[in-house]
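Undergrad: Residue numbers (the numbering used here), protein chains in the order written: chain Y, 63 to 154; chain Z, -3 to 540; chain U, -16 to 252. All residues carry an ideal CB built from backbone N, CA and C; glycine is no exception. From a predicted model like this one, the values you see are computed outputs, not experimental measurements.
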Amino acid sequence: MSENSHPTPALYLVIVSCLFAGTVLTYFAATWEMGIFNPIVALTIACTKATLVILYFMHVRYSNKLTIVTVCAGFFWLLILISLSLSDYLTR
Amino acid sequence: MSTATQAVMPQKHYLNDNYGIRSWLLTKDHKRIAILYLFTITFFFFLGGLFAALIRLELLTPAGDLFQSDTYNKLFTMHGVNMIFFFLIPSVPAVLGNFLVPIMVGTKDLAFPKINLLSWYIFIAGAAFSLTALLYGGVDTGWTFYTPLSSGYLKTPVIVMGVGILIAGFASIFTGLNFIVTVHRMRAPGMTWGRLPLFVWANYAASLIMILGTPVLAITLILLVLERGFHIGIFDPKLGGDPVLFQHMFWFYSHPAVYIMILPGMGVISEIVTCFSRKRVFGYTFIAFSSIAIAVFGFVVWAHHMFVAGISTYSAMVFSLLSYAVAIPSAVKVFNWTATMYKGSVSYDTPMLYAFGFIGLFTVGGLTGLFLAALGLDVHIHDTYFVIAHFHYVMVGGMVMAYLGGLHFWWPKMTGRMYPEGWAKLAALITFIGFNLTFFPQFILGYLGMPRRYHSYPEEFQVLNVLSSAGASVLAVGFILPAIYFLWSLRYGEIAGPNPWNAKGLEWTTSSPPPTHNFDEIPVVTEEPYHYGANLDEEVAGVH
Amino acid sequence: MRRSPVSTSQTTTPATEHHPAWAHQFDSMEQQRDASSFGMWVFLLTEIMMFGGLFTAYLIYRIRYYDAFVAGSSSIDVKWGFYNTLVLIGSSFTMAMAVWAAHKGKRMQQVLYLVLTLVLGTVFLGVKAVEYKAKYDECHIPGGVIGKGFSATGAAGCSAEGNIAEDIEHPKNLAGKEVSGKPRAAAEQIARQTEIFFVFYFAMTGLHATHMIIGIGVLLWLLRRAWNSEFGPEYYTPVENFGLYWHFVDIVWIYLFPLLYLINRIPHK
């Protein structure tokens, strides 16, 4: 892999602003009555923030396929652990 | 063996490149690290074997007359813990894998040699904790550490043991990490994925499991230690915790762990079968992908250890079905090895004898696994000797035989010396007989209802137990013999030369023992793997 | 499709090109960088699974003891968690800038950003210490071995904010007026159950903080090397890979914040 394009400081500033905004948003969203959507919104915001960090701060956006597969594999395996364990608890 | 010229030891190789204790304890050479691991795990094998001997001694008589039940609990726990975490899990990867993977992919060393050495030190640290626990009387929870017994009710050194296993787990993680990066990023020119030896595929798949599963064991043990140490109630029902959660988290690792143990062994068998059939392995792609399939599927079957623990019936059915699915890739391998032998020119050197043993015994073990995967049947045979027989068939009849076969196959490469073939064949035979005598009666015992982890049993089970214990003593001889003649061979064994088996594979193109940097010139790979059979007659004439 | 390694120098390497950081097992600096980076990603994979185990256990208990989790979550001071999240995200930004500066070979900027990351990381840990102290005062440390013994029902020696049972039985709305809560017995049971919540609070933030402490140690080492101009466009792998680790620790916190602090912050009516 030769020189990857590197994000610029300006891009990093944009991303960190988004992350700050997301943090503020998630705090306020927790104070709104949304029923079942409260945890969904919270997790969605968290996943979005995580994705931004992964893609830009961790350069995955500019990385090779192996890196992308590795990241996806990690979350996929975590999903296996969570979903199959829950499949027991939720069906008792 | 009649060859035109007598083989000679190379002038300089990795064993004599540098002398002194520092050159070994501070080595970065993957081959020396493999030897360090070899000594360490051999020690734990015999330690675990000692506990097994004591167990079988107790079980000669129906009454619990040799040991008290608490002591007996310690015996089977220490047997299990030492054998699984300190022998089986590292066995092929840390010894044969460490030695061979870089050579087989055609590079000078693993990707991270210092981390490799670190992994051995971490392993030693874990082993030190484990031995400390032994000195404090040993743990009696069973190797499965089920809560709340382990977290709240015992006075034995569970924390020390838990920490030891936790630490040893990190050694496993670092080995796996090293293998994965090496296979992805350090293959020699021309060494495509499709030309990798199946041994490398197998270790790669096992490495995937190591890095994905072991961390969950780590956190589980951390929580167990925290619970025990700080009296918090994660797994203790009295404090609002859930003991089944411990089992879920424990088995999430420990089931794939059995595939960490067996996959490298299967890799060894692939190498041996093709060499001693003088024939390309049948279905290379299938065997390669079946290794990956086993690694992946192995992660979704763990609750088959928990069918009677209180999980929901629906969940049990799903896990039962998935457990059937995981047998398929293993079966694919067995079929392919058999097809490799078919119409091959089969010779009966010791490694091949162990391979035969593996194929037969692993098949029995694997099939009985399916018995256990059947929900309705498992309810009756769970926690009986049937389970014990099943896993010993796959672990000892399978894995240990594969390990021994691999040791014999690559001993000349690692040491430059041949072991004595006559004694080796005898040992293989004794091991096979002893193994079956020990463990086959246990299937029957389990079926008849004898529970596991009990030091006393009803009178009517005595005959089978005596058979089993007798077998164990024969098996012990079968294991002790190689220890003796391998050591003997270091001094008096016939010099092997670079390729005593006339095998294909990059490791056989370099000297025996190899130089520290593995290759004088990094190879460029142009041939398919296992390109036997092109000149079969010529090959047959060249061997023996 | 990239097939590796595609190095043309097999055995001998021109002495003139030998970067001091080039390790012998690699054929080229490029291969070394690729392998090291991939190695760090594989390591992060193991970290995902380790934290993942904790998250799974958390999830299962949150479902089982939802009311207790809400009560426990509400009893931790959200402002500290909020500020800490901003601090950590900020430190992720400064770390990314440090990697950029190293890649550009700008020594003073590398050092500056590494120092900023270090400072922000330390601030984070300082705030955590304040939070833990508050939990100690409120008798919310579970187990009883450390701290004053767990009590969420207003035992003697514990500060009044720690009386979760009281908050459940007599909750207050935004205006400070008392509104209807749960009956005493139910409130006390939920309060007792919050001990499990606090187990996860301490286990998850504790494991996270341990990773931060290790990270700060590595940062000091990196600082020394950056000060000695060891990093530049041809070689900045350690900074890059540590950046990956630091961002990962940040991501864990991004999930921890809503899961621990924001389970239910809807004000009472």
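Taking 7 angstroms as the cut-off, is the beta-carbon of Z/M391 closer than that to any non-hydrogen atom of the ligand MG?
TA: What this structure holds is no ligand at all, so the ligand MG is not there to describe.
Undergrad: Using a beta-carbon distance below 8 angstroms, is U/T193 in contact with chain Z?
TA: Answer no: the Cβ-Cβ gap between U/T193 and chain Z never drops below 8 angstroms.
Undergrad: Would a check of beta-carbon distances place Z/W419 closer than 8 angstroms to chain Y?
TA: It does not: the Cβ of Z/W419 has no partner Cβ on chain Y nearer than 8 angstroms.
Undergrad: Considering Cα atoms alone, identify which of Z/I218, Z/L241, Z/L84, Z/Y320 is closest to Z/V206.
TA: Just to set this straight, residue 206 of chain Z is Met in the shown sequence, not Val. Checked all of Z/I218, Z/L241, Z/L84, Z/Y320; the closest Cα to Z/M206 is Z/L84.
Undergrad: Counting contacts by CB-CB distance shorter than 8 angstroms, is U/M187 in contact with chain Z?
TA: So, not an interface residue.
Undergrad: How big is the Cα-Cα spacing for Z/L56 and Z/R448?
TA: Whole-angstrom Cα-Cα distance: 15 angstroms.
Undergrad: Would you say the stretch 417 to 435 of chain Z touches the stretch 506 to 514 of chain Z, given that touching needs at least three Cβ pairs under 8 angstroms?
TA: No, because fewer than three Cβ pairs between the stretch 417 to 435 of chain Z and the stretch 506 to 514 of chain Z fall closer than 8 angstroms, the two stretches do not touch.
Undergrad: Using a Cβ cut-off of 9 angstroms, which residues of the stretch 125 to 136 of chain Y contact any Cβ in chain U, in chain order?
TA: Hits within the stretch, in order: S125, N126, K127, L128, T129, T132, V133, A135, G136.
Undergrad: So is Z/I228 in contact with chain Y if we call contact Cβ pairs under 8 angstroms?
TA: No, because no Cβ of chain Y sits closer than 8 angstroms to the Cβ of Z/I228.
Undergrad: Check for me: the alpha helix (DSSP H) holding U/V128 runs from which residue to which?
TA: Note, U/V128: premise wrong, no alpha helix (DSSP H); not H, not E.
Undergrad: Check whether chain Z comes within 8 angstroms of U/D50, counting only Cβ atoms and requiring the distance to be less than that.
TA: It does not; no Cβ of chain Z falls within 8 angstroms.
Undergrad: With C-beta atoms as the reference, is Z/F248 less than 8 angstroms away from Z/V212?
TA: Yes, the Cβ-Cβ distance between Z/F248 and Z/V212 is below 8 angstroms.
Undergrad: Buried or exposed, going by whether 16 or more other CB atoms sit within 10 Å of the CB of U/R(-15)?
TA: Confidence in U/R(-15) is poor, its pLDDT being 39 and thus under 50, which makes the residue's placement unreliable; the coordinate value appears in the next sentence. U/R(-15) comes out exposed.
Undergrad: Give the secondary structure of Z/N498 by DSSP, where H, G and I count as helix, E and B as strand, and everything else as coil.
TA: Here Z/N498 sits in coil by DSSP.
Undergrad: Grouping DSSP H, G and I as helix and E and B as strand, with all else coil, what is Z/N514?
TA: Of the three classes helix, strand and coil, the one that applies to Z/N514 here is coil, per DSSP.
Undergrad: Per DSSP, which one or two residues make a beta bridge with U/E161?
TA: BP columns for U/E161 point to U/K155.
Undergrad: Compare the Cα-Cα distances from Y/R154 to each of Z/S343, Z/A312, Z/M245, Z/L145 and report the closest residue.
TA: Cα-wise, what sits closest to Y/R154 is Z/A312.
Undergrad: Measure the Cβ-Cβ separation of U/R248 and Y/A92 and say whether it is below 8 angstroms.
TA: Cβ distance < 8 angstroms, so U/R248 and Y/A92 count as in contact.
Undergrad: Output, in chain order, the set of chain U residues within a Cβ distance shorter than 7 angstroms of Z/P437.
TA: None at all; the shortest Cβ gap to chain U is about 39 angstroms.
Undergrad: Please tell me whether Y/L155 has its Cβ less than 8 angstroms away from any Cβ of chain U.
TA: The question about residue 155 of chain Y has no answer here: the residues shown for chain Y are numbered 63 through 154.
Undergrad: Go to Z/M397, then tell me how far its alpha helix (DSSP H) extends in each direction, as first and last residue.
TA: Where Z/M397 is concerned, the enclosing alpha helix (DSSP H) stretches over 397 to 411.
Undergrad: With Z/E267 and Z/F405 assumed to form a contact (beta carbons below 8 angstroms), what rounded beta-carbon distance in angstroms separates them?
TA: About 7 angstroms separates the two Cβ atoms, so the contact holds.
Undergrad: State yes or no: is the C-beta of Z/V627 within less than 8 angstroms of the C-beta of Z/F358?
TA: The requested residue 627 of chain Z is not part of the displayed model; chain Z covers only -3 to 540.
Undergrad: Would you kindly work out how many angstroms separate the C-alpha atoms of Y/F90 and U/I179, rounded to a whole number?
TA: Going by the C-alpha atoms only, they are around 26 angstroms apart.
Undergrad: Have a look at Z/P109 and U/A192 and give me their C-alpha separation to the nearest angstrom.
TA: Each residue's Cα considered, the two are about 29 angstroms apart.
Undergrad: Where do the ends of the alpha helix (DSSP H) carrying Z/Y310 lie?
TA: That run of the alpha helix (DSSP H) goes 309 to 337.
Undergrad: Let me make sure I understand the geometry here. Which of U/P3, U/A4, U/Q15, U/A6 has the alpha-carbon closest to that of Z/R181?
TA: The residue with the shortest Cα to Cα distance from Z/R181 is U/Q15.
Undergrad: Name, please, each residue of chain Y whose Cβ falls closer than 7 angstroms to the Cβ of U/S75.
TA: Within 7 angstroms Cβ-Cβ: V115, F119.
Undergrad: How would you label U/K160, buried or exposed, when you count the other beta carbons within 10 angstroms and need 16 or more for buried?
TA: Answer is exposed; the Cβ neighbour count stays below 16.
Undergrad: At the level of alpha carbons, what is the spacing between U/R47 and Z/L50?
TA: Spanning the two alpha carbons is a distance of roughly 44 angstroms.
Undergrad: For Z/G186, which residues from the same chain have a beta carbon less than 6 angstroms from its beta carbon, with the 5 sequence-adjacent residues on both sides left out?
TA: Only V520, V521, T522 meet the Cβ criterion.
Undergrad: What separation, rounded to the nearest whole angstrom, lies between the Cα atoms of Z/K24 and Z/Y117?
TA: Roughly 12 angstroms separates the two Cα atoms.
Undergrad: Apart from the five residues on each side of it in sequence, which residues of its chain come closer than 6 angstroms, Cβ to Cβ, to Z/G474?
TA: Answer for Z/G474: A423, I426, T427, G430, listed in chain order.
Undergrad: Taking CB distances under 8 angstroms as the criterion, tell me whether Y/K108 reaches chain U.
TA: One point to set straight first is that residue 108 of chain Y is Ala, not Lys, in the sequence displayed. Answer yes: the Cβ-Cβ gap between Y/A108 and chain U drops below 8 angstroms somewhere.
Undergrad: Cα separation between Z/V269 and Z/A351?
TA: Cα to Cα, Z/V269 sits roughly 7 angstroms from Z/A351.
Undergrad: Anything in chain Z within Cβ reach of Y/I144, meaning under 7 angstroms, just list it in chain order.
TA: Within chain Z, no residue comes near Y/I144; the closest Cβ sits about 10 angstroms away, beyond 7 angstroms.
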